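In what follows, a single structure is set out as structure tokens and then discussed.
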Amino acid sequence: MKKLINAAEDVVAEALRGMELAHPELQINHELKVIVRGDAPVAGKVGIVSGGGSGHEPMHGGFVGKGMLDAACPGEVFTSPTPDQMLEATKAVDGGAGVLHIVKNYTGDVLNFEMAAELAAADGVEVEAVVLDDDVAVQDSSFTAGRRGVGATVLAEKICGAAAEAGGDLAQVKELCERVNANGRSMGMALTSCTVPSAGKPTFELGDDEMEIGIGIHGEPGRERRPVASAAEVAKLLVEPILADLPYAEGEKALVFVNSMGGTPLIELYILYNEVAKLLAERGIEIARNLVGPYITSLEMQGASVTMLKLDDEMTGYWDAAVETPALRWGA
Amino acid sequence: MKKLINAAEDVVAEALRGMELAHPELQINHELKVIVRGDAPVAGKVGIVSGGGSGHEPMHGGFVGKGMLDAACPGEVFTSPTPDQMLEATKAVDGGAGVLHIVKNYTGDVLNFEMAAELAAADGVEVEAVVLDDDVAVQDSSFTAGRRGVGATVLAEKICGAAAEAGGDLAQVKELCERVNANGRSMGMALTSCTVPSAGKPTFELGDDEMEIGIGIHGEPGRERRPVASAAEVAKLLVEPILADLPYAEGEKALVFVNSMGGTPLIELYILYNEVAKLLAERGIEIARNLVGPYITSLEMQGASVTMLKLDDEMTGYWDAAVETPALRWGA
Amino acid sequence: MAEGTTVTVDDLVAWIHRFCEVIGDHADELTQLDSAIGDADHGTNMRRGCRAAVEALAAAEPEDVTGFGRAIAMKIISTVGGASGPLYGSFFLALGTAGGSTSSLDGVGTVAALKAAVEAVRSRGKAEPGDKTMLDALLPAIAAMEASLDAGGSLSDALEAGTTAAEQGMVATIPMLARKGRASYLGERSIGHQDPGATSSWLLIRSAAETLAA
Amino acid sequence: MAEGTTVTVDDLVAWIHRFCEVIGDHADELTQLDSAIGDADHGTNMRRGCRAAVEALAAAEPEDVTGFGRAIAMKIISTVGGASGPLYGSFFLALGTAGGSTSSLDGVGTVAALKAAVEAVRSRGKAEPGDKTMLDALLPAIAAMEASLDAGGSLSDALEAGTTAAEQGMVATIPMLARKGRASYLGERSIGHQDPGATSSWLLIRSAAETLAA
Ligand SMILES: Nc1ncnc2c1ncn2[C@@H]1O[C@H](COP(=O)(O)OP(=O)(O)O)[C@@H](O)[C@H]1O
Ligand SMILES: Nc1ncnc2c1ncn2[C@@H]1O[C@H](COP(=O)(O)OP(=O)(O)O)[C@@H](O)[C@H]1O
Ligand SMILES: [Mg+2]
Ligand SMILES: [Mg+2]
Ligand SMILES: [Mg+2]
Ligand SMILES: [Mg+2]
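Structural data, given as structure tokens:
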């Protein structure tokens, strides 16, 4: 395993130290591992809390700041954080208007956030939770764990953060988060596996001429293994299942998010984005907004994901609103 | 070779298409491959032009915008652009106050920018050039090609862009650029090689337990091959040569830039940044400003570089000034 | 052992020490199993939780079964994370509550407490038998223990039977198509791999057999 | 060939066609050499420049040596980039200027033009013999051509001698420590590798021998 780390068990703690030094505007609780917006709690504002395993940087900690998250709880690499972290974050950002938990749909994340919500309620904090499940690679069914929460989470955190900043109440922000989830779909692929530091070797083996389609963000193998293909073909493999799952009428507007899994550089993302845009143009779908870069990653994995969010005016307005975080910043 | 691309020879052209779609605020000349700020030329403002081989994204194209570059010329992957591209960029941004060429010290870049400057002068555009050479891995001497221009280039483009935006004249902006170069030092390392698309295989081979110290940004092998080491040891190997080359008196202020070579994710950069900060704290050097992320890359190479810029108040002020580009954005 | 076996809090503590010992030995194997159909962290998660649980027991010095269960549950919940954290946490919380504020349990009481613990895992995770989870080791184990006791077996017999059933249940997860947990994302590709959680659950029951009625 | 050899513009064009043919054949090898001590693009750069130069010649249909040199130089400068673009560009620009607005050159004039071309590379790149660059193939080649002509040799003899000298110069770059170009960044590690530019320069001279006095 080749990584710029010290001991595998210190990866999360030391990265938090570095983040604190690089971003003094954040408050970081190292004992409980909670990243909190510098001016939290903001009185009268709905608090937005998210969290999940580490290894997806900049998500979630890099999205803490004005106009996005009030706090984030990083777990161990690819492991959901624990209820006590989430409880601490929830209390730290409660400005009296309640707190929204934005949860990605993984058994561990859901169970731990459930426990945290129970504990917070016991402490008299009003908590609502929305579980994101936008990954079309996973067949959904009430008998399974359901779909994974992936790229739409980033968009939900931005849009709900802006709504909370604008004074939306807990019910409104929660409804908006559900709407983003209902209108967001994602699909990812990998050219290489990734190595969990504590495991020390790649989670799966891929041949030099193979790729995985339908992966998540935890180095899990995908739904299908195929021979490597051109960016144009990959774009089809990612966009078509998204559109099959959530069709667009001609002229409908989308926010298109082309994301790197961590090891794929920007030059390739732009090539993929170009192919995605061609496919959508053919179908008369307007790309009203876009985001291209590494925002929800899987350690050093090479690969990419495409997320499409069907936009309405309210979501668009909140997307454009000012945001000031380590990883996303505009209008501020 | 595994990459999200189509034909190797179309990589640069297609990435430019994607960039144009993702950033409609930029003007892109696809025939000559020039990326120009949307509102260029800005009357009365010194124009700032840079360029170099592709494969270093977001540098330089991602730095085009208000407060930074007026134009960038991307060459083929790792190959300097040509004088006609540079001439086009120079004319496109000349607002009557002259144009500064920010050139990284590589024979190809220097020779091509020289020719471009000759052509621009012939067309009556006042051009000055500053050649950046901040890489301490290379022994300098008047008999050699000298040191490479690496990380300090990003800082020079930001600081000089702000000075030009603030109304500095060509001589002032040029002097400032020379000052950034004189006070900037960098050192890089690689955990893996990278693959030039047209070459199709890794530029060099590295064993599973080896790293290269003193690499540049073109997949060149470095000065020395060593067994892989901890982030703490790597930080030493990068910081000590920098400080040996440009010593800091206790209390002097630095801008510290920890950069990913492309394939190293943010979580590792923060760990490395934490180690760098410890080393500087021991020496009483104050990190007054920092930048952590992938800004000057070498395709998908895993590795990192550290750049230190000894700050004065003027540089600090221009660093803090508003910038609005695809890759760097604050205060705007 | 003799019919009149009683399980003391010290026995329960010995059980955890033994379990954490085997987790230490099997951590890499558990992570390996999790690499195939999950995210390669189950062994690391369990090892982290065990270290903390052992410390917690040393600090808490519980006097009754409830205190024992709480101490471990809280520690596991606050250190393991992932799916297994809340699930094993619920296991011990329920075990303690069912065991009650007594300093020892007889055979029937022990099996009843284990049953309550497994039911808590089921209601927290909402998995069903056959979903390819830890329940596929735990539920058969409880059934076998009850059957053994009904047939007049000792606690020792019951725990032996439970261990055998847990192992069979664990092996039976191999051909299953996962419907819960990360493995469910793999669909058909989850078939042919043994479930990591079922494996750690088998180790948990086996450790009980080695310590509670020895 | 007979003393009175004359090199026509068509011969020069044939030279370029031949050169681009061999560049096509050796592109991967040149890139390979550049991988060892550079950035793995010399073959690609030269191939790109050659394709463009051949098109340019077809379009320009130059009538004199100056026109021939300009047409190629402009195209190489605007398509190759890197270090080799301006260097080979300067080579052809100077060759055209030295050759002048005539439709043919005699042996002495041809060698004189080649010498001017090499001097232009030297002044553009400021490299010296022994720096491990294309000059280490080009300078010995010119010296050998001049010596051959002085000894009464024909242009064909001169170009043969030049080719042999260029090849020796190219091989001689292997033990050199690079002082110019990217290879210089490697310091000691540049020793033991043949310079890619010296290799393409040898091909350039060899192509001349195959076409200009055949
Ligand atoms: N809903 C559930 N009910 C019961 N057990 C479950 C459930 N979901 C997952 N598990 C168990 O958890 C194990 C994985 O635990 P672990 O790897 O530590 O957590 P994570 O899956 O969050 O990485 C699986 O092997 C499975 O046995
Ligand atoms: N200053 C110089 N003078 C003469 N030749 C040079 C000089 N610098 C580099 N070269 C030649 O250029 C060759 C490299 O060309 P190429 O790979 O196309 O450009 P780059 O080095 O920019 O990638 C080297 O092998 C060397 O022969
Ligand atoms: Mg996990
Ligand atoms: Mg090059
Ligand atoms: Mg797991
Ligand atoms: Mg080269």
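Protein chains in written order, with this note's numbering: chain A, 1 to 332; chain B, 1001 to 1332; chain C, 2001 to 2214; chain D, 3001 to 3214.
We put the CB at the ideal spot given by N, CA and C, even for glycine.
Just so it is clear, the structure is predicted and the values come from calculations on it, not from any experiment.
1. Which residues in the same chain as A:Val-173 place their Cβ atom closer than 7 Å to its Cβ, once the five residues preceding and following it in sequence are excluded?
2. Quick check on B:Met-1115 - is its C-beta less than 8 Å from some C-beta in chain D?
3. Tell me the rounded alpha-carbon separation between C:Ala-2056 and C:Gly-2081.
4. Please state whether DSSP places D:Met-3001 in a helix, a strand or coil.
5. Kindly list, in the order they appear in chain D, the residues whose Cβ is closer than 9 Å to that of B:Glu-1184.
6. Could you check whether the Cβ of A:Thr-107 sits closer than 7 Å to any heavy atom belonging to ligand 7?
7. Look at the alpha carbon of B:Gly-1284 and the alpha carbon of B:Leu-1309, and state the distance between them as a whole number of angstroms.
8. Under 7 Å, CB to CB, which of the residues in the stretch 132–161 of chain A have a partner in chain C?
9. Quick check: what's the CA-CA separation for D:Ala-3002 versus D:Ser-3156?
10. Just to confirm my understanding: we take D:Met-3170, look at its own chain, exclude 5 residues before and 5 after, and list those with CB closer than 8 Å. What are they?
11. What separation, rounded to the nearest whole angstrom, lies between the Cα atoms of A:Ile-267 and A:Ile-213?
12. Take B:Leu-1087 and list the residues in its own chain whose beta-carbon comes closer than 7 Å to its own, dropping the five residues that flank it on each side.
13. Write down every uninterrupted run of the alpha helix (DSSP H) in the stretch 7–81 of chain A whose length is 4 residues or greater and which is fully enclosed by it, in chain order.
14. Is any beta-carbon of chain B found at less than 8 Å from that of D:Thr-3031?
15. Since B:Val-1234 meets chain A, which of its residues come closer than 8 Å, beta carbon to beta carbon?
16. Does at least one heavy atom of ligand 3 sit under 7 Å from the Cβ of C:Asp-2039?
17. Fully enclosed by the stretch 1123–1188 of chain B, which beta strand (DSSP E) runs are 3 residues long or longer?
18. Could you work out which residue in B:Ile-1271, B:Ala-1321, B:Met-1211, B:Ile-1242 is closest to B:Gly-1303 when comparing CA atoms only?
19. Please indicate yes or no: does the CB of D:Arg-3182 lie closer than 7 Å to some heavy atom of ligand 6?
20. Residues of chain B with CB under 7 Å from A:Glu-14, in chain order?
21. Per DSSP, which residues does B:Pro-1202 bridge with? Please list them.
22. Please confirm whether any heavy atom of ligand 2 lies closer than 7 Å to the CB of B:Asp-1140.
23. Count the other CB atoms, across all protein chains shown, that sit within 10 Å of the CB of C:Ile-2174; report buried if there are 16 or more and exposed otherwise.
24. Less than 8 Å between the C-beta atoms of C:Asp-2041 and A:Phe-78, yes or no?
25. So, with DSSP's three-state summary, where would you put C:Asp-2106?
26. Comparing the C-beta of A:Val-103 with each C-beta of chain C, is any distance below 8 Å?
27. C:Asp-2131: beta carbon under 7 Å from a heavy atom of ligand 5?
28. Runs of 4 residues minimum, wholly inside the stretch 3123–3158 of chain D: which ones carry the alpha helix (DSSP H) assignment?
29. Can you give the Cα-Cα distance for A:Val-153 and D:Glu-3128, rounded to whole angstroms?
30. Of all the options B:Pro-1227, B:Met-1059, B:Val-1110, which has the alpha carbon lying nearest to the alpha carbon of D:Arg-3182?
31. Would you tell me roughly how many angstroms separate the C-alpha atoms of A:Leu-279 and A:Glu-286, rounded to the nearest one?
32. Is any beta-carbon of chain A found at less than 8 Å from that of C:Met-2117?
33. How is the alpha helix (DSSP H) around D:Ile-3076 delimited, first residue to last?
34. Taking contact to mean at least 3 C-beta pairs separated by less than 8 Å, is the stretch 21–28 of chain A in contact with the stretch 50–60 of chain A?
35. Hey, does A:Ala-231 have any beta-carbon neighbour from chain B nearer than 8 Å?
Straight from the coordinates:
1. Taking the first residue of the first sequence as position 1, residue 173 of chain A is located at position 173. Counting only Cβ-Cβ distances below 7 Å, and skipping sequence neighbours, we find Val-46, Leu-100, Cys-160, Ala-163, Ala-164.
2. Within the second sequence, the letter at position 115 stands for residue 1115 of chain B. So yes, B:Met-1115 belongs to the interface.
3. Position 56 of the third sequence, counted from the first residue, corresponds to residue 2056 of chain C. Position 81 of the third sequence, counted from the first residue, corresponds to residue 2081 of chain C. C-alpha separation (whole angstroms): 17 Å.
4. Numbered from 1 along the fourth sequence, position 1 holds the residue referred to as residue 3001 of chain D. Here D:Met-3001 scores only 38 on pLDDT, less than 50, and its place in the model should not be relied on; the value that follows carries that caveat. Reduced to three states, the DSSP call for D:Met-3001 is coil.
5. Position 184 of the second sequence holds residue 1184 of chain B. Per the sequence shown, residue 1184 of chain B should be read as Gly rather than Glu. The contacting residues do not exist; B:Gly-1184 stays about 18 Å from chain D at best.
6. Ligand 7 is not among the ligands present in this structure, which contains only ligand 1, ligand 2, ligand 3, ligand 4, ligand 5 and ligand 6.
7. Reading the second sequence from its first residue, position 284 is the one you call residue 1284 of chain B. Reading the second sequence from its first residue, position 309 is the one you call residue 1309 of chain B. Cα to Cα, the separation comes out at about 15 Å.
8. Residues Val-138, Gln-139, Phe-143, Thr-144, Ala-145, Arg-148.
9. Along the fourth sequence, read from residue 1 onward, the residue named residue 3002 of chain D stands at position 2. Along the fourth sequence, read from residue 1 onward, the residue named residue 3156 of chain D stands at position 156. The pLDDT assigned to D:Ala-3002 is 39, lower than 50, so where the model puts this residue is not dependable, and the model offers no usable value.
10. Translated into the one-based positions of the fourth sequence, residue 3170 of chain D becomes position 170. Once the five neighbours on either side are set aside, the close Cβ partners of D:Met-3170 are Asp-3136, Ala-3137, Gln-3194, Asp-3195, Ala-3198, Thr-3199, Ser-3201, Trp-3202.
11. For the purposes of this step, residue 267 of chain A is identified with residue 267 of the first sequence, where counting begins at 1. For the purposes of this step, residue 213 of chain A is identified with residue 213 of the first sequence, where counting begins at 1. A direct Cα-to-Cα measurement between A:Ile-267 and A:Ile-213 gives close to 21 Å.
12. Counting from one through the second sequence, the residue named residue 1087 of chain B turns up at place 87. Residues of the same chain with a CB within less than 7 Å of the CB of B:Leu-1087, apart from the 5 flanking positions on each side, are Ala-1116, Leu-1119, Ala-1120 in chain order.
13. Runs found: 11–22.
14. Translated into the one-based positions of the fourth sequence, residue 3031 of chain D becomes position 31. Closer than 8 Å: yes.
15. As a first step, residue 1234 of chain B is located in the second sequence; it is residue number 234 there, counting from the start. Those within 8 Å of B:Val-1234 in chain A are Leu-4.
16. Along the third sequence, read from residue 1 onward, the residue named residue 2039 of chain C stands at position 39. Flag set: Cβ of C:Asp-2039 near ligand 3.
17. Whole beta strand (DSSP E) segments, 3+ residues: 1127–1132.
18. Taking the second sequence and counting its residues from 1, the one referred to as residue 1303 of chain B is at position 303. Checking every option, the nearest Cα to that of B:Gly-1303 belongs to B:Met-1211.
19. As a first step, residue 3182 of chain D is located in the fourth sequence; it is residue number 182 there, counting from the start. Set against 7 Å, the gap from the CB of D:Arg-3182 to the closest heavy atom of ligand 6 is smaller.
20. Numbered from its first residue, the first sequence carries residue 14 of chain A at position 14. Scanning chain B for C-beta atoms nearer than 7 Å to the C-beta of A:Glu-14 yields Ile-1271, Asn-1274, reported in chain order.
21. By one-based count along the second sequence, residue 1202 of chain B stands at place 202. As computed with DSSP, B:Pro-1202 is found in a beta bridge with B:Thr-1195.
22. Position 140 of the second sequence holds residue 1140 of chain B. For B:Asp-1140, the CB stays at least 7 Å from every heavy atom of ligand 2.
23. Reading the third sequence from its first residue, position 174 is the one you call residue 2174 of chain C. Exposed, because fewer than 16 other Cβ atoms sit within 10 Å of the Cβ of C:Ile-2174.
24. For the purposes of this step, residue 2041 of chain C is taken as the residue at position 41 of the third sequence. For the purposes of this step, residue 78 of chain A is taken as the residue at position 78 of the first sequence. A:Phe-78 sits close to C:Asp-2041, with the two beta carbons spaced by under 8 Å.
25. Along the third sequence, one-based indexing puts residue 2106 of chain C at 106. In the structure shown, C:Asp-2106 adopts extended strand secondary structure according to DSSP, grouped into three states.
26. Indexing the first sequence from 1 puts residue 103 of chain A at position 103. Using beta-carbon distances, A:Val-103 does not count as an interface residue toward chain C, since no partner is under 8 Å.
27. The residue labelled residue 2131 of chain C in the question sits at position 131 within the third sequence. No; taking the cut-off as 7 Å, the Cβ of C:Asp-2131 has no heavy atom of ligand 5 nearer than that.
28. Listed in chain order, they are 3135–3150.
29. Taking the first residue of the first sequence as 1, we reach residue 153 of chain A at position 153. Taking the first residue of the fourth sequence as 1, we reach residue 3128 of chain D at position 128. The question names Val, yet the displayed sequence has Thr at residue 153 of chain A. One C-alpha to the other measures close to 60 Å.
30. Locating residue 3182 of chain D in the fourth sequence gives position 182, where the first residue counts as 1. Here the closest residue by C-alpha is B:Val-1110.
31. Here residue 279 of chain A refers to the residue found at position 279 when the first sequence is read from its first residue. Here residue 286 of chain A refers to the residue found at position 286 when the first sequence is read from its first residue. Spanning the two alpha carbons is a distance of roughly 11 Å.
32. Residue mapping note: residue 2117 of chain C aligns to position 117 of the third sequence, counting from 1. In the sequence as presented, Met is not what sits at residue 2117 of chain C; that position holds Ala. With a threshold of 8 Å between beta carbons, C:Ala-2117 makes no contact with chain A.
33. Residue numbering aside, residue 3076 of chain D sits at position 76 when the fourth sequence is read from its first letter. D:Ile-3076 -> alpha helix (DSSP H) spans 3065–3079.
34. With the cut-off at 8 Å, the stretch 21–28 of chain A and the stretch 50–60 of chain A do not touch.
35. The residue you call residue 231 of chain A lines up with position 231 of the first sequence. Taking CB atoms only, A:Ala-231 has a neighbour in chain B less than 8 Å away.
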